[in-house]
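In the numbering used here, the protein residues as written are 610 to 656.
Read the structure below first, then the notes.
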Amino acid sequence: MNTKTIAIIGAGFCGSTLAVHLLRPPPFTALKILLISRAGSIARGAT
């Protein structure tokens with residue numbers, strides 16, 4: 610199975626929620642999600 614890598618720029622509420630939804634079953638391909646945050650924290654602050 611091919612692994613697909615998806616980079617999400619911004620790990621605030623929207624970016625984190627997008628990552629959760631992309632990883633919900635049923636995955637048709639193996640996914641690797643990379644959350645990139647300037648602040649260093651995940652799902653903090655306003656969008």
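Even glycine gets a Cβ: it sits at the ideal position worked out from N, Cα and C.
As the structure is a computational prediction, the values presented were derived from the model and not from experiment.
Through-space distance from residue j to residue i, alpha-carbon basis
| i | j | result |
| --- | --- | --- |
| Gly619 | Pro634 | 23 Å |
| Leu632 | Asn611 | 15 Å |
| Ala639 | Lys613 | 6 Å |
Residue environment, residue i, which counts as buried when at least 16 other CB atoms sit within 10 Å
| i | result |
| --- | --- |
| Gly624 | buried |
Nearest-angstrom beta carbon gap, residue j and residue i [assumed within contact, 8 Å]
| i | j | result |
| --- | --- | --- |
| Ile651 | Ile617 | Their Cβ separation, rounded to whole angstroms, is 11 Å, which puts Ile651 and Ile617 out of contact at 8 Å. |
Candidates the options: closest to residue i by CA position
| i | options | result |
| --- | --- | --- |
| Ile615 | Gly621, Phe622, Leu627 | Leu627 |
Can you give, in chain order, each stretch of the beta strand (DSSP E) that sits fully within the region 617-654 and has at least 3 residues? 639-645
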